[in-house]
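Student: Protein chains in written order, with numbering that gives the first Met the number 0: chain A, 0 to 122; chain B, 0 to 92.
From the three backbone atoms N, C-alpha and C, an ideal C-beta is built for every residue, glycine too.
Could you have a look at this structure, given as structure tokens, before my questions?
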Amino acid sequence: MLQYETIFVTDPNLSDGEIDELVQLIDQLTVAAGGKVIKVERWGKRRLAYTIDHREEGIYVLMTLECPPQHVKEVDRRYRMNDRILRHLTVRVEDESQLGPSPMMKPRPAEREDIPAEQGLMP
Amino acid sequence: MGRYDSGGGRDAGRPKKQFKRKFLFRKKKFCKFCDEKIKFIDYKDIRLLQGFVPERAKIFPRRISGTCSKHQRKVMQAIKRARALALVPFTSD
Numbered sequence: 000m001l002q003y004e005t006i007f008v009t010d011p012n013l014s015d016g017e018i019d020e021l022v023q024l025i026d027q028l029t030v031a032a033g034g035k036v037i038k039v040e041r042w043g044k045r046r047l048a049y050t051i052d053h054r055e056e057g058i059y060v061l062m063t064l065e066c067p068p069q070h071v072k073e074v075d076r077r078y079r080m081n082d083r084i085l086r087h088l089t090v091r092v093e094d095e096s097q098l099g100p101s102p103m104m105k106p107r108p109a110e111r112e113d114i115p116a117e118q119g120l121m122p
Numbered sequence: 000m001g002r003y004d005s006g007g008g009r010d011a012g013r014p015k016k017q018f019k020r021k022f023l024f025r026k027k028k029f030c031k032f033c034d035e036k037i038k039f040i041d042y043k044d045i046r047l048l049q050g051f052v053p054e055r056a057k058i059f060p061r062r063i064s065g066t067c068s069k070h071q072r073k074v075m076q077a078i079k080r081a082r083a084l085a086l087v088p089f090t091s092d
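Structure (structure tokens):
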């Protein structure tokens with residue numbers, strides 16, 4: 000059993016209910032394959048860095064799974080079948096930090112007064 | 000004798016120092032990731048990655064950023080993953 004991290008980007012016009020259905024589908028498939036879902040993170044609507052099929056925005060959902068390797072193929076196949084999913088990516092969990100909340104969930108540095116925004120890791 | 004060489008001072012006969020003098024005002028570059036002991040670079044950490052894809056959205060080269068080869072490869076991998084998900088641009092006009 001390995002840990003994977005899977006992200007998909009959907010059409011921005013999908014309702015919350017439809018997103019829930021997708022999450023549930025992955026959940027059910029994973030459980031059926033003998034795995035389990037460790038974490039689900041909804042990033043909500045985000046602006047895309049470039050347009051995809053004339054869409055400027057997308058809804059991002061991140062899931063962390065623990066499942067047998069063959070299951071990844073099945074999940075990928077499901078993603079490809081669904082034409083409302085614009086982009087998807089499944090990778091192995093390389094670092095423990097990936098099991099906790101992702102950087103996307105942290106407050107923006109601009110909102111934090113203790114660290115000025117310029118003081119990032121900018122080269 | 001170089002322009003900045005004052006002759007037989009303390010550093011006479013120490014070629015390394017003479018070389019250094021030419022770059023007296025240039026800061027030594029270092030790998031920020033090694034410095035902060037970051038082992039894993041997350042493709043989801045857009046704020047960090049955006050520092051490596053300035054205006055034209057090209058990946059910041061090592062010769063300028065000073066990142067070590069090990070970490071540069073990780074940055075590259077992370078940026079490419081982020082690009083696939085439209086988190087970071089491929090190009091920008």
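Taking its Cβ as the centre, do 16 or more other Cβ atoms sit within 10 Å of Phe59(B), making it buried, or is it exposed?
Tutor: buried
Student: Would you call the segment 6-26 of chain A in contact with the segment 50-68 of chain A, where contact means no fewer than 3 C-beta pairs closer than 8 Å?
Tutor: yes
Student: Under a three-way DSSP split, which group does Thr66(B) fall into?
Tutor: If DSSP states are grouped into helix, strand and coil, Thr66(B) belongs with coil.
Student: Would DSSP call Met121(A) helix, strand or coil?
Tutor: Residue confidence for Met121(A) is low, a pLDDT of 47 falling below 50, so the modelled location carries little weight; the figure read from the coordinates is stated next. Three-state result, Met121(A): coil.
Student: Going along chain A, which residues have a C-beta under 8 Å from Ala83(B)?
Tutor: Within chain A, the residues near Ala83(B) are Arg86, Leu88.
Student: For Glu93(A), which three-state DSSP category applies?
Tutor: coil
Student: Does Met62(A) pass the burial test, meaning 16 or more other C-beta atoms within 10 Å, or should it be called exposed?
Tutor: buried
Student: Verify the CB distance criterion: does Met62(A) have a CB-CB separation below 9 Å to chain B?
Tutor: The beta carbon of Met62(A) does not come within 9 Å of any beta carbon belonging to chain B, so the residue lies off that interface.
Student: Which one or two residues does DSSP pair with Lys44(A) in a beta bridge?
Tutor: Ile58(A)
Student: Less than 9 Å separating the beta-carbons of Leu88(A) and Gln2(A)?
Tutor: no
Student: Using a Cβ-Cβ cut-off of 9 Å, state whether Arg83(A) counts as contacting chain B.
Tutor: Chain B contact via Cβ: absent.
Student: For Leu98(A) and Phe24(B), I'd like the C-alpha separation in whole angstroms.
Tutor: 44 Å
Student: Using the beta-carbon of each residue, which ones in chain A are nearer than 7 Å to Phe89(B)?
Tutor: Tyr49
Student: How would you call Ser91(B), buried or exposed, if buried means at least 16 neighbouring beta carbons within 10 angstroms?
Tutor: exposed
Student: If you compare alpha carbons, which of Tyr42(B), Phe51(B), Leu84(B) is closest to Gly65(B)?
Tutor: Phe51(B)
Student: Between the alpha carbons of Leu84(B) and Ser101(A), how many angstroms are there, rounded?
Tutor: Going from the Cα of Leu84(B) to the Cα of Ser101(A) covers about 15 Å.
Student: In the DSSP output, what is Ile84(A) paired with across the bridge?
Tutor: Thr9(A)
Student: Suppose you measure from the CA of Gly1(B) to the CA of Thr50(A); what does that come to, to the nearest Å?
Tutor: Any reading at Gly1(B) needs caution, since the residue's pLDDT is 48, under 50, leaving its predicted position unreliable; the model's value is listed next. Rounded to whole angstroms, Gly1(B) to Thr50(A) spans 56 Å at the Cα level.
Student: Would you mind telling me which residues of chain B sit closer than 8 Å to Pro102(A), beta carbon to beta carbon, in chain order?
Tutor: Asp41, Lys43, Asp44, Ile45, Arg46, Leu47
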